[in-house]
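Using this note's numbering, the letters of the sequence shown correspond one by one to residues 4 to 298.
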Amino acid sequence: MTQRFKGKVLVVTGAARGIGAGVARSYVAEGGKVALLGLEPELLEALSDELGDAAAWWEADARSGAATTAAIDAAAAHFGRIDHVLANAGIASYGTVRQIDEASFERVVDININGVYRTLHASIPHLEKTKGHALVVASLASFTNLAGLASYNASKAGAESLAIAAHQEVAHLGVTIGSVHPSWIDTDIVRGAEDDLPTFKVIRSKLPYPANATTSLEACIDGIIRGFAKRKRRVYVPRGVILANWLKPLINSPVGQAVVLRQAKKHVPQLEREVAALGRFQHAHVPLTDPDEKK
């Protein structure tokens with residue numbers, strides 16, 4: 004295997020499982036070192052032990068600027084540098100706007116947008132020293148909107164805009180920032196959503212490619228690794244997601260919305276009933292820092 008990241012250091016938020024853990028493994032396999040940040044200490048420790056001296060971990064909540072900054076500064080001190088950052092921490096919620104409670108909606112926005120800001124804010128001083136590159140994990144949802152996922156759609160559109168603006172702001176420093184736009188990836192969150200909400204799976208099956216398909220975790224990891232190696236501004240997983248970006252005006256046109264609304268009127272009532280029966284607005288595996296949030 005190539006050693007594209009020999010001597011380099013990557014910070015990953017949301018590193019305990021899924022995309023974050025997979026990228027950490029691949030980065031180390033190509034000669035790099037990784038700082039693992041997240042909220043599941045047992046999983047972070049296990050991954051760090053698996054990767055050996057090339058990894059270290061810090062428990063840090065993306066909702067806390069102080070915790071995020073402390074962890075990133077500690078990682079820079081531990082490894083001596085930071086070359087790459089993956090702002091990967093993110094969650095989704097269940098329920099329509101009229102149904103979901105305020106705390107659950109705000110939590111998605113806080114992690115998926117403000118958490119990205121906190122990560123970039125703390126990382127940029129270190130990336131300036133190495134002329135490094137950061138990638139923000141946005142989504143296909145940055146370009147397309149789906150009933151029942153309003154908080155996720157809004158937050159991922161915001162994450163994309165934040166990455167674009169931040170890239171402009173750091174260009175004079177030699178730092179670059181891009182965004183990653185996965186479609187539905189075979190992770191705990193996607194599998195859990197389909198198990199929790201059968202109608203969600205039905206709605207997704209009626210969407211055009213690539214929104215109706217599930218892409219492997221490995222493909223997503225490979226895309227992100229290439230993104231770091233080539234300092235990409237955009238990473239689409241699968242590559243067909245680029246069509247959603249190009250076709251966004253058509254999807255949001257009166258013709259496109261007429262098609263979307265027909266499906267929404269048909270399926271949203273059942274989706275709301277399923278969320279109500281489930282009795283929670285989050286995926287069961289989402290780590291919570293406040294027990295009162297488990298509603």
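By construction, the Cβ of each residue, glycine as well, lies at the ideal position given by its N, Cα and C atoms.
Residues bridged to residue i [DSSP beta-bridge criterion]
{"i": "A49", "result": "According to DSSP, which records beta bridges pairwise, A49 is partnered with nothing at all."}
{"i": "A58", "result": "V37"}
{"i": "V14", "result": "A38, V88"}
Coarse secondary structure for residue i, derived from DSSP in three states
{"i": "E33", "result": "coil"}
{"i": "E296", "result": "Low per-residue confidence applies at E296: pLDDT is 40, beneath 50, and the placement is therefore not dependable, though the value from the model is reported in the following sentence. It is helical."}
{"i": "S256", "result": "coil"}
{"i": "T72", "result": "helix"}
{"i": "G282", "result": "coil"}
{"i": "S67", "result": "coil"}
{"i": "R28", "result": "helix"}
{"i": "Q6", "result": "coil"}
{"i": "P211", "result": "coil"}
7 angstroms Cβ shell around residue i - same chain, five flanking residues per side excluded
{"i": "Q102", "result": "E275, V278"}
{"i": "Y212", "result": "G243"}
{"i": "S96", "result": "I103, S107, F108, V111, S154, Y155, F284, Q285"}
Sequence-distant residues of its chain with Cβ nearer than 6 angstroms to residue i (five each side left out)
{"i": "G98", "result": "V278, F284"}
{"i": "R28", "result": "none"}
{"i": "T153", "result": "Looking at the sequence shown, residue 153 is not Thr but Ala. So the list reads V100, once near-sequence residues are dropped."}
{"i": "K36", "result": "V12, A57, F82"}
{"i": "A232", "result": "R7"}
{"i": "G17", "result": "G23, G41, N91, A92"}
{"i": "A166", "result": "V139, I180, S182"}
{"i": "V148", "result": "Before going further, note that residue 148 is Asn rather than Val in the sequence given. Around N148: N156."}
Sequence-distant residues of the same chain with beta carbon closer than 8 angstroms to residue i, five excluded per side
{"i": "T218", "result": "P185, S186, W187, I188, D189, V240, P241"}
* To do: Entirely within the segment 213-248 and at least 4 residues each: give me those alpha helix (DSSP H) ranges in chain order.
  => Along the length of the segment 213-248, whole alpha helix (DSSP H) runs at least 4 residues long occupy 220-232, reported in chain order.
* To do: Kindly provide the ranges of any alpha helix (DSSP H) runs that are 4 or more residues long and lie completely inside the segment 135-206, ordered along the chain.
  => Qualifying alpha helix (DSSP H) stretches, in chain order: 153-173, 191-199.
* To do: Give a yes or no on contact between the segment 75-93 and the segment 38-47, applying the rule of three or more CB pairs nearer than 8 angstroms.
  => Touching, yes.
* Stretch pair the segment 218-230 + the segment 252-259: three plus CB contacts closer than 8 angstroms -> No: fewer than three Cβ pairs fall under 8 angstroms.
* **Stretch pair the segment 259-276 + the segment 163-182: three plus CB contacts closer than 8 angstroms** => Cβ pair count under 8 angstroms is below three, so no.
* To do: Let me know the beta strand (DSSP E) ranges lying completely inside the segment 78-132, each 3 residues or longer, listed in chain order.
  => Here the runs fully enclosed are 87-90.
* Between the segment 161-176 and the segment 71-86, are three or more C-beta pairs nearer than 8 angstroms? -> No: the two stretches stay apart, fewer than three of their Cβ pairs being nearer than 8 angstroms.
* To do: For the segment 129-141 and the segment 156-167, state whether three or more C-beta atom pairs, one from each stretch, are separated by less than 8 angstroms.
  => Contact between the segment 129-141 and the segment 156-167 is present: 3 or more CB-CB pairs across the two stretches fall below 8 angstroms.
* Asked: Is the number of C-beta pairs between the segment 115-124 and the segment 65-74 that are closer than 8 angstroms three or more?
  -> Here the segment 115-124 lies against the segment 65-74, with 3 or more beta-carbon pairs under 8 angstroms apart.
* To do: Count the CB pairs spanning the segment 102-113 and the segment 45-63 that are closer than 8 angstroms, and state whether there are at least three.
  => The way I'd put it, the segment 102-113 doesn't touch the segment 45-63; fewer than three beta-carbon pairs between them come closer than 8 angstroms.
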